[in-house]
Amino acid sequence: MMKNSWKKASVLFIAGMVLSACGTDNTIDEPLDEEEVVAPDVDENVTDDGTNDDDTNDSDEDSNGETNQVSQDIETWFPRLENTLLEYEGDEMEYSSFTRYPQFAHDDTLQMLESTGGTDVAIIYEYTENQIEEVFIRPETYFREDFVDTGLESEHSGFNIILQAPIEVGHSWESPNGTTSEITEVGIEMDTPMGTVEAIGVTTIFEDGIEVSYYGEGIGLIQREMVQGDDEETKVTSRLTAFEGNKAEEIPLTVYGVDDQALGINAVPVTMSLMTNDPARLTLASLMRGESPETEGLYLLTEGVEINYMYLGHDGIVHVDFSSELVNEMNAGSGTEGLLLQSIANTIGGYYGVQEIALTVDGGSYESGHILLEEGDTLTVDHSNVNQ
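So this note's numbering is basically just the index in the sequence shown, starting at one, shifted up by 1021.
Structure (structure tokens):
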């Protein structure tokens, strides 16, 4: 079993992957081991002292070497994509196949969801002028939340700097998590679903393994190779196989509502479709108002009800604030109102995977003619009244 240091720094395997000899067939475009040396053209404008009028410019190009051959804009190699689903195929090792979706893209951060067969991991990358660094990692995240705005703390500390300028072979850096990375290849060509693109390779050394990540121009991660120790037989490779634009993230959800007889609660499975930067609360409120074919006719929220805000707190409780229409437009007796509140708790609690929600109205207490929820009161998820 791999050690925690590698699992923390490489979130693809955060669910825990057992590396074994797999004898993979890594058919990628391999760059030349050495650059071809070409003799310079003879310049007839050489002066008597052996210098050339253009020596200054030539010297700048030579001293920079391969630096001038590729873009020095780090975002070129790891762009803040939007509305794009990236699919990676592994070599039949557990968790080596995964997808990535950019949930929230801001001026200096990108929140990406990486999904394997075992877990969904939310990762936030912070962009500065010279580097891109992981600053937030949260495994087992099956809901959509902009963690930059909510301020929920990462479940890991000591992050990995995935890329740093200058983009040139030999440039290296040490990350807060103790790993050492080096740009080992630039200006190479690699095949992708969009055709052949220019790419760079970054090699990162962990306590118990090595990872080589290839980043393609305008795409981001296009291939990842991982080796435990120096045993090549344990190499695990994941390659980009699909790059779909104008694509939404799809999140399964169950919406609950009072049945026609107001005697129990019906459960309706739906799928939330969210584009990059879409807040989940707006789509969730629409589904709870019955504005989709699946939830049409569901008795839960009336037409005017909005969700003002909704987030998972440090206390493990979901805090959700509704507009005043939740109370003002409700026309129900105490029994039906209780079922409505239970349906809200089951729907929102189920979305977040928690047992308690703190419900408020326009920032204040929930108070109707029958039920009062004061500060500190919570609703608990309960399926005892759900119809089978």
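Glycine included, C-beta positions come from ideal geometry on N, C-alpha and C.
Q) Do residue 1380 and residue 1348 have their C-beta atoms within less than 8 Å of each other? A) no
Q | Where residue 1325 falls, given that 16 or more other Cβ within 10 Å makes a residue buried | A | exposed
Q. So, using beta-carbon positions, are residue 1376 and residue 1370 closer together than 8 Å?
A. In this structure, residue 1370 lies closer than 8 Å to residue 1376 by Cβ.
Q.
Please identify the residue among 1402, 1219, 1184 and 1365 whose C-alpha is closest to the C-alpha of residue 1203.
A. 1184
**Q.** Residue closest to residue 1309, alpha-carbon to alpha-carbon, out of 1150, 1128, 1288 and 1147
**A.** The residue with the shortest Cα to Cα distance from residue 1309 is 1288.
Q.
Which of the three DSSP states is assigned to residue 1359 in this structure?
A. helix
Q | Cβ contact check for the stretch 1116-1123 and the stretch 1133-1144: 3 or more pairs under 8 Å | A | By the Cβ criterion, the stretch 1116-1123 is in contact with the stretch 1133-1144, since at least three pairs of Cβ atoms, one from each stretch, lie closer than 8 Å.
**Q.** Residue range of the alpha helix (DSSP H) that includes residue 1329
**A.** In the DSSP annotation of this structure, residue 1329 is not part of any alpha helix (DSSP H); the continuous beta strand (DSSP E) holding it starts and ends at 1328-1333.
Q) Is residue 1346 closer than 8 Å to residue 1316 when the C-beta atoms are compared? A) no
Q. What first and last residue would you give for the beta strand (DSSP E) that runs through residue 1141?
A. 1141-1148
Q) According to DSSP, what are the bridge partners of residue 1260? A) 1110 and 1244
Q: Could you say which of 1368, 1391, 1382 and 1191 lies nearest to residue 1401 if we only look at CA atoms?
A: 1368
Q) Roughly how many angstroms lie between the CA atoms of residue 1099 and residue 1353, to the nearest whole one? A) Answer to the nearest angstrom: the Cα atoms are 53 Å apart.
Q) Can you pull the DSSP bridge partners for residue 1123? A) 1133
Q. Nearest to residue 1358 by alpha carbon, out of 1333, 1389, 1331 and 1384?
A. When only C-alpha atoms are compared, the closest one is 1389.
(Q) I need the straight-line Cα distance from residue 1399 to residue 1149, nearest angstrom please. (A) 41 Å
Q. What whole-angstrom Cβ distance do residue 1232 and residue 1211 have, given they're in contact under 8 Å?
A. With 8 Å as the limit, residue 1232 and residue 1211 do not qualify as a contact, their Cβ atoms being about 17 Å apart.
Q: Just grab the DSSP bridge partners of residue 1229 for me.
A: Residue 1229 is not bridged to any residue.
Q. Assuming residue 1269 and residue 1295 make a contact with CB atoms under 8 Å, what is their CB distance in whole Å?
A. 6 Å
Q: Keeping to the same chain, check which residues put their C-beta closer than 7 Å to that of residue 1406; ignore five residues upstream and five downstream.
A: 1285, 1286, 1360 and 1363
Q: Could you tell me the distance, in whole angstroms, from the CA atom of residue 1355 to the CA atom of residue 1279?
A: Looking at the two C-alpha atoms, the distance is approximately 13 Å.
Q) Looking only at its own chain, which residues have a Cβ that is under 6 Å from the Cβ of residue 1277, when we skip the five neighbours before and after it? A) 1286, 1288, 1364, 1367 and 1368
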